[in-house]
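These protein sequence lines are chains A and B, in that order.
Following the numbering used here, the numbering of the first sequence begins with 150 at its first residue and continues without gaps.
Following the numbering used here, the numbering of the second sequence begins with 21 at its first residue and continues without gaps.
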Amino acid sequence: MTKVTMTINGKPRSGNAEGRTLLSSFLRDELGLTGTHVGCDTSQCGACVVHVDGKAVKSCTMFALEADGAQVDTIEGQADADGTLNVIQQAFQDYHGLQCGFCTPGMVMSAAALLKENPKPTEAEIRHYLEGNICRCTGYHNIVRAILAASGQDVPAVAAE
Amino acid sequence: MPKDSGIGASTKRREDVRFLTGTGNYTDDININGQTYAWFIRSDVAHGTINSIDASAAEAMDGVLKVFTSADFAEAGGIPCGWQVTDRHGDPMQEPKHPILAEGKVRHVGDPIAVVVAETPEQARDAAEAVEIDIDELEAVIDMKAAVAEGATKVHDDLTSNLCYDWGFVEENREAVDEAIKSAAHVTTLELVNNRLIANPMEPRVAVGDYNRAGDEHTLYTTSQNPHVIRLLMGAFVLSIPEHKLRVVAPDVGGGFGAKIYHYAEEAFVTFAAKVLNRPVKWTCSRSEAFISDAHGRDHVTKIELAMDENHKFTAVRTDTYANMGAYLSTFAPSVPTWLHGTLMAGNYTTPLIYVNVKAVFTNTVPVDAYRGAGRPEATFQLERVIDKAARELGLDPVELRRKNFIQPDQFPYDTPVAVSYDTGNYDATMDKALEVSDYAGFEARRAESEGRGKLRGIGIAHYIEACGIAPSNLVGQLGARAGLYESATVRVNATGSISVFTGSHSHGQGHETTFAQVVSEMIGVDASQIDIVHGDTSKVPMGMGTYGSRSIAVGGSAMVRATEKIINKAKKIASHLMEASEADIELKDGQFSVAGTDKSVAWADVTLAAYVPHNYPLEEIEPGLEESAFYDPANFTYPSGAYICEVEVDPETGEVDMLNFTAADDFGNVINPMIVEGQVHGGLAQGIGQAMMESCVYDEDGQLLSGSFMDYTMPRADDMPMMNVDHSCQTPCTHNPLGVKGCGEAGAIGSPPAVVNAVIDALHRAGHKVEHIDMPVSPARVWKAMHG
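Written as structure tokens, this is what we have:
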């Protein structure tokens, strides 16, 4: 076991990890940050996406030791301290961009990374960027609409409102 | 103006806040002090004899508490099946034992053999490597027709064959149907496969067992769609734990789609092991493990014949289906190809004679059970594909051929020849709406535009009906169900007027906490924020049957309405006492009780406080308190229906199919929350489009699952899906439940696969390729081969 320290959602956090401990397990099991979810074991589903030093990372593809000293942002740190949802979270609620909620933390973190890179993505760009995030509930329709809304763009009125 | 609250409002979901902030409480988020970890050792061969299991080295390893094998479960029962199907000769289905851990033989890749429990997940996993298991591999039976051939290797030695049942429906119609087909003016025949699928809710299954020795009390936290069903099956049939000593909790559950209905071995294991070890035991399924241990779906091979007279009126339908059960009977498995499939073979049509034959077959594969739609997608796919083929053979418009045979609005209630009675519907209305929304008339211009880009554009139509709101208990009891299928609700009004509703329905993405509160808010007139919906814990909610078969609002919602009506009746009695008026004159509006024709009124909270502080109260007439329960057993199924239209572009060079747009015009009866209903349809469509275009569960001839991970099993991703036009403005309310609702959860998955395949076939035909059928998924390889090969 090795002691690992990282800055998570702006606060220093430490815990123990084996060499084989994945960042996702470290966050969930060692630190109790269970908002990051694990939906597969082949780095396909994206439920575990967090930001490491500002970049979107599937936390199941990174060892905890590799993140030693890093700035890590997770879903738990996205809302304001008083609980106010950030613009992406609020858009997901407003546009019904989630159902069971399991893929949602990864979707929100991926969407945040997208909008940082590309503040006004097209629908096609959003769909392409979400290639690494699987949702089984929504058919992606309202996730795409939520991200368009979060970016301040018009949302197509394809679905009956 | 759209409503902003109550029934019909697109109220934003209250559950979203916890899901969006990482504060949901899924089963894997639950950790109990002193918890241990289970690792299942599963068969890596499809069929074999277990010669020996040597766990001595593993049990000596650091942190290992115990290695369990079937010997530890000598006193336990097998995992029960919830349905008994009687075959066409009057005999019961063959029902093999389904042990918690393999007894002597393994019967599919993934069949659990032993379980290591250790202090940490890593120790359990490491020790599993040290368990020595000697297995003699046997020949596996994978193909269904080979499995029922003379002399085939048997999956279960104690059964007479691999045939679970040979079911005929309606058996009395068999000869008449044969005669009608023989004498028909035209018969269209189609052979097809309904591809095997894996539900893949994004949250893998998890089970945590806990045991309190002082009280001899068991608690199971599990990813279930129906915790009471698990409590009943596991308590009564597997582990012999009486209900009052067994609590089952299904907290936030990350999707189900059927795969989380069933009672699984892992749940019984952790419950049992927690007592043996006197420690909590947790099992978390990996995705790779889910592929070989979650029940699969579909997997039917069918021949359908549609007979018509010279006026193109359908005169008979005959089908012959092989349905895969896998190696054991999962909880609902026998009912899916029979009562959830045969009863829907009339579709939306007036076909007078129908005969459905289903041979259910054991194979050395993972058990197959209900997956979103369950039986109804299989029925719809056959009908809507064969009708399209018939229209093409006869040179008819596929829309007009359907319309000619639609049951008309003045024919309801309509008794089909396959045992069900549709209460209401208007199929021309949904067809009209879909044609309008999809701009069907403008297709030719779009096709020409695609042609200009070298692409083959096609349009596909399907019309579906489903039987939802499962189900009238007396009917399903006659059909072989071993449980009632009512639903329960308790409405507890608190002293200051807030309300807790305890429902037997379970939400795993459907948004019940929002929708159910909208209904009670509308009925009483208190703000929805004052109403809390409690579900998923057998220690809190009355015995309920859970959520599947699009039943929550139709059956669970009806129970809640009945309980709320009792609350209102009692509250009116209290109000009449407080206002010294006749009970008959009391009106409730917007949370205020008033006496008709006067200015007297009391507020909801005054009445609720009086119920719990009964100083001025009609104690001689009614008891204090304000809490009521109701159990609602539906009089009939509900029958949602709809028309689906989609357009695809086929690349003639590669066979790649691009889904361009999808229109769904559904009749769900009344709608409580349009936003949530549309979301349910989107998700159903994605799963149906996934089935039609990319998903497929593939076994090789040795029974190895080739599509065993998200690397191999193609899940629909964001760029596979189009924007979807979803309309639910055609509404013929259900006639037999208090809300007039029909259910919307499965529709998309039922109606969309035939629309997609019809569109692909249409595109190919318009380009001169006389292709009759392509099996799902319509992969580029299959489409290319159909064009060129």
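For glycine and all other residues, C-beta sits at the position ideal for the given N, C-alpha and C.
Worksheet item: Among the residues of its own chain, which have a CB less than 6 Å from the CB of residue 496 of chain B, if the five just before and after it don't count?
Response: So the list reads 505, once near-sequence residues are dropped.
Worksheet item: Does any C-beta atom of chain A lie closer than 9 Å to the C-beta of residue 221 of chain B?
Response: At least one CB atom of chain A sits nearer than 9 Å to the CB of residue 221 of chain B.
Discussion item. How far does the beta strand (DSSP E) with residue 242 of chain B in it extend, from its first residue to its last?
Written reply: Judged by DSSP secondary structure, residue 242 of chain B falls within the beta strand (DSSP E) whose first and last residues are 237–242.
Discussion item. Do residue 688 of chain B and residue 751 of chain B have their beta-carbon atoms positioned less than 9 Å apart in this structure?
Written reply: Judged by beta-carbon spacing, residue 688 of chain B lies within the 9 Å limit of residue 751 of chain B, meaning their Cβ atoms are closer than that value.
Practice prompt. Apply the 10 Å Cβ neighbour rule to residue 726 of chain B and answer buried if 16 or more other Cβ atoms are within range, or exposed otherwise.
Written response: So residue 726 of chain B counts as exposed.
Worksheet item: If the cut is a Cβ gap below 9 Å, which residues of chain A does residue 796 of chain B touch?
Response: None at all; the shortest Cβ gap to chain A is about 18 Å.
Practice prompt. Could you tell me whether the Cβ of residue 153 of chain A comes closer than 9 Å to any Cβ of chain B?
Written response: No, residue 153 of chain A does not count as interfacial toward chain B.
Item to complete: Return the first residue and the last residue of the alpha helix (DSSP H) that residue 467 of chain B is part of.
Response: DSSP places residue 467 of chain B inside the alpha helix (DSSP H), whose first and last residues are 463–472.
Item to complete: Give, in chain order, every unbroken run of the beta strand (DSSP E) that is at least 3 residues long and sits entirely within the region 313–342 of chain B.
Response: Listed in chain order, the complete beta strand (DSSP E) runs (minimum 3 residues) inside the region 313–342 of chain B are 320–328.
Worksheet entry | Interface partners of residue 205 of chain A on chain B, CB under 7 Å | Counting only Cβ-Cβ distances below 7 Å, residue 205 of chain A has no contacts in chain B at all, with the closest Cβ about 15 Å away.
Worksheet item: What does DSSP give as the partner residues of residue 679 of chain B in its beta bridges?
Response: Partner(s): B:668.
Discussion item. Beta-carbon within less than 6 Å of residue 691 of chain B's beta-carbon, same chain only, minus the 5 sequence neighbours each way: which residues are those?
Written reply: Here the set comprises 697, 748.
Practice prompt. In the DSSP assignment, find the unbroken alpha helix (DSSP H) run with residue 536 of chain B in it and report its ends.
Written response: Per DSSP, residue 536 of chain B belongs to the alpha helix (DSSP H) from 532–544.
Fill in: residue 260 of chain B classed as buried or exposed, judged by whether at least 16 other C-beta atoms fall within 10 angstroms
Result: exposed.
Practice prompt. Give the DSSP bridge partners of residue 359 of chain B, in chain order.
Written response: Looking at the DSSP assignment, residue 359 of chain B forms no beta bridge with any residue, so it has no partner.
Practice prompt. For the alpha helix (DSSP H) holding residue 278 of chain A, just list the boundary residues, first then last.
Written response: Going by DSSP, residue 278 of chain A is part of the alpha helix (DSSP H) stretching over 272–278.
Fill in: Three-state secondary structure assigned by DSSP to residue 661 of chain B
In the three-state reduction of the DSSP assignment, residue 661 of chain B falls in the strand class, which pools E and B.
Item to complete: For residue 517 of chain B, collect the residues of the same chain with a Cβ closer than 7 Å to its Cβ; drop the 5 residues on either side in sequence, then sort them by chain order.
Response: Counting only residues of its own chain and dropping the five nearest sequence neighbours on each side, residue 517 of chain B has a CB closer than 7 Å to the CB of 546, 550, 624, 625, 628.
Worksheet item: With 16 as the cutoff for other CB atoms within 10 Å, does residue 408 of chain B come out buried or exposed?
Response: Under the 10 Å beta carbon count, residue 408 of chain B is surrounded by 16 or more other beta carbons and is classified as buried.
Worksheet item: Any contact of the region 153–165 of chain A with the region 217–225 of chain A, i.e. 3+ C-beta pairs under 8 Å?
Response: Under the 8 Å Cβ criterion, the region 153–165 of chain A counts as touching the region 217–225 of chain A, having at least three qualifying pairs.
Worksheet item: Helix, strand or coil: which one does DSSP assign to residue 520 of chain B?
Response: The answer is strand: DSSP assigns residue 520 of chain B an E or B state.
Discussion item. If we define contact as Cβ-Cβ less than 9 Å, is residue 300 of chain B a contact residue for chain A?
Written reply: Not an interface residue.
Worksheet item: Can you name the residues that DSSP bridges to residue 612 of chain B?
Response: BP columns for residue 612 of chain B point to B:609, B:623.
Worksheet item: How about residue 46 of chain B: is its C-beta nearer than 9 Å to some C-beta of chain E?
Response: The question asks about chain E, but that chain is absent: this structure's protein chains are A and B.
Worksheet item: Which bits of chain B does residue 201 of chain A rub up against, with CB to CB less than 8 Å?
Response: The contacting residues do not exist; residue 201 of chain A stays about 17 Å from chain B at best.
Discussion item. Comparing C-alpha positions only, which one of B:49, B:122, B:118 sits nearest to residue 64 of chain B?
Written reply: For the residues B:49, B:122, B:118, the minimum Cα distance to residue 64 of chain B belongs to B:122.
Worksheet item: Of all the residues that make up the region 25–36 of chain B, which are near chain A by a beta-carbon distance shorter than 8 Å?
Response: So the close ones are 30, 32, 33, 35, 36.
Item to complete: Please name the residue in B:503, B:483, B:291 whose C-alpha comes closest to that of residue 352 of chain B.
Response: The shortest Cα separation from residue 352 of chain B among B:503, B:483, B:291 belongs to B:503.
Worksheet item: Taking just the CA atoms, how far does residue 459 of chain B sit from residue 468 of chain B?
Response: Cα to Cα, residue 468 of chain B sits roughly 15 Å from residue 459 of chain B.
Discussion item. Just list the residues that DSSP pairs residue 804 of chain B with in beta bridges.
Written reply: In DSSP, residue 804 of chain B forms no bridge with anything.
Item to complete: With a threshold of 16 other CB atoms inside 10 Å of the CB of residue 541 of chain B, please say whether the residue is buried or exposed.
Response: Per the 10 Å Cβ criterion, buried.
Worksheet item: Short check: CB of residue 404 of chain B to CB of residue 774 of chain B, under 9 Å?
Response: Going by C-beta atoms, residue 404 of chain B is nearer than 9 Å to residue 774 of chain B.
Worksheet item: With DSSP run on the structure shown, which of helix, strand or coil describes residue 400 of chain B?
Response: In the structure shown, residue 400 of chain B adopts helical secondary structure according to DSSP, grouped into three states.
Discussion item. Quick check on the burial criterion: 16 or more other C-beta atoms within 10 angstroms. Buried or exposed for residue 565 of chain B?
Written reply: With 16 or more other Cβ atoms within 10 Å, it is buried.
Worksheet item: Who are the neighbours of residue 266 of chain B on chain A, taking C-beta pairs under 9 Å?
Response: Neighbours of residue 266 of chain B across chain A, judged by C-beta separation under 9 Å, do not exist; the nearest C-beta is about 26 Å away.
Worksheet entry | Under 7 Å from the C-beta of residue 243 of chain A: neighbouring residues of chain B | Correct list: 32.
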